[in-house]
Every structure is written in structure tokens, then in C-alpha cells.
Amino acid sequence: MQLDRYDIKILYELQQDGSLSNQELADRIGLTAAPCSRRVRQLQENGVIDQYVARVNERQIGLNLIALLHISMDKHIPERFAAFEQAIAEIPEVMECYVITGHDADYQLKIAVADMDSYHDILLGKITRIQGVSGVKSSFILRKIVDSTALPLHYVKRENHS
2 MQLDRYDIKI LYELQQDGSL SNQELADRIG LTAAPCSRRV RQLQENGVID QYVARVNERQ
62 IGLNLIALLH ISMDKHIPER FAAFEQAIAE IPEVMECYVI TGHDADYQLK IAVADMDSYH
122 DILLGKITRI QGVSGVKSSF ILRKIVDSTA LPLHYVKREN HS
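For what it's worth, the numbering used here labels the leading residue of the sequence shown as 2, then goes sequentially.
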């Protein structure tokens with residue numbers, strides 16, 4: 002899908018505040034409500050806008066420990082990776098899971114838990130019990146410096162006529 006300047010403006014505004022009404026969004030980007038609504042619907046239908054979510058402050062709900070885990074697998078075969086990915090997707094504390102390179106690990110996980118005891122329970126009770134997990138290295142987030150879900154839109158190639 003080719004994006005024009007209005008599409009990019011819509012994406013920028015919705016990344017800043019996904020709760021904007023259509024009228025508020027239209028006012029911010031300089032369109033009337035109807036064409037703004039059509040553009041948003043088109044961005045959704047084409048998969049550019051993937052979903053809308055509410056970002057919850059983890060500390061406000063008692064999730065005071067955020068950990069990054071590097072997971073090593075014993076065998077690099079598709080079945081082992083598929084089983085791991087299915088199992089890890091069922092653990093609600095896992096916020097993110099990536100296949101990675103450049104470390105002595107195959108996956109990086111980000112998990113949120115209440116405290117060190119909860120972390121211990123997840124690590125030993127669930128993660129290390131997944132078949133194929135051969136090693137785990139953990140780091141704990143002390144403080145967030147940048148915390149954004151907004152993508153850098155200046156890389157988006159725009160249509161020339163807009």
C-alpha cells in the first residue's frame with residue numbers, strides 16, 4: 002500500500018493517542034471526518050494499522066520486575082523451535098519473544114512479574130521445563146530510558162502526488 006502525507010499524519014497521530022475520536026483525528030490532520038474515517042478504515046483493512054491497545058503502567062498494577070531472558074536451545078530443528086514458540090505463547094507473563102542472532106542465544110524474551118519469587122516460579126516452573134531449552138541468561142530492567150511503541154514514520158515512502 003502506498004501511503005500519502007495524510008496517511009502518514011494519521012499514523013503519527015494514532016501512535017501518539019489511539020483513543021482519538023475520528024473528528025479529533027480529522028481536525029489534527031486537516032481533513033473532514035468522512036475522508037479521515039475512510040482512510041483509517043483502509044489502513045486497517047490493509048494491515049498497516051494492526052491493532053489498538055491500552056498501555057497499562059506495569060508498576061501501577063504491581064508488576065515491579067521486568068526481565069530480559071536470553072534462551073538457548075539444544076537443537077536447531079524446526080520442530081524444536083515450533084514447540085518452544087507454542088509453549089512460550091501460552092505464558093501470560095511473556096510480553097515479547099524474538100528469535101535473535103548475535104548472542105549465544107536463540108530467543109530473547111521480555112517478561113513482567115510481581116517480584117523475584119514470581120520470576121523464580123516462571124523460570125523454573127515453566128520456561129526451563131520447555132523441551133529443548135538448554136540455557137537461560139537473565140537481565141533485569143532497572144529503569145526505562147525510552148519507552149515507546151511508535152514507529153519512526155520518516156522512513157515511509159510516500160506517494161509523490163500528495
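Glycine is no exception: its CB is placed at the ideal position from the N, C-alpha and C atoms. Since the model is a prediction, treat every value here as computed from it, not as a measurement.
Is the distance from the Cβ of residue i to the Cβ of residue j below 8 Å?
i	j	result
Leu66	Val137	no
Gly126	Asp75	no
Ser73	Ser140	no
Ile62	Arg40	no
So if DSSP puts residue i in a beta bridge, which residue, or which two residues, is it bridged to?
i	result
Lys1	Outside the shown range of the chain, which is 2 to 163, sits residue 1, and nothing can be said about it.
Val157	None, per the DSSP bridge assignment.
Ala113	Ile67
Cys98	Leu110
Leu143	Partner(s): none; Leu143 has no beta bridge.
Report the rounded CA-to-CA distance for residue i versus residue j, giving the unit in angstroms.
i	j	result
Thr129	Leu44	40 Å
Arg6	Phe82	41 Å
Ser38	Asn23	6 Å
Pro36	Arg42	10 Å
Ser163	Leu4	Low confidence applies here, because Ser163 scores a pLDDT of 44, under 50, leaving its location unreliable; read the following figure in that light. Cα to Cα, the separation comes out at about 9 Å.
Cys98	Arg159	31 Å
His104	Thr33	50 Å
Asp107	His77	9 Å
Please name the residue, chosen from the options, that lies closest to residue i on a Cα-to-Cα basis.
i	options	result
Ala68	Gln109, Ile11, Tyr53	Gln109
Ile50	Asp8, Glu91, Ile72	Asp8
Ile89	Ile131, Thr33, Leu143	Ile131
Ile142	Arg60, Gly31, Ala55	Arg60
Leu21	Ala55, Met2, Gly103	Ala55
Pro93	His77, Ile101, Ile112, Asp107	Ile112
Met117	Leu64, Gly48, Glu91, Met96	Leu64
Asn47	Glu80, Val147, Met2	Met2
When the cut-off is 8 Å and only beta carbons count, does residue i lie next to chain D?
i	result
Asn47	The chain inventory of the structure shown lacks chain D, comprising one protein chain alone.
- request: Could you tell me whether the segment 24-33 touches the segment 121-135, where touching means 3 or more Cβ pairs closer than 8 Å?
  value: no
field: Cβ contact check for the segment 13-23 and the segment 143-155: 3 or more pairs under 8 Å
entry: yes
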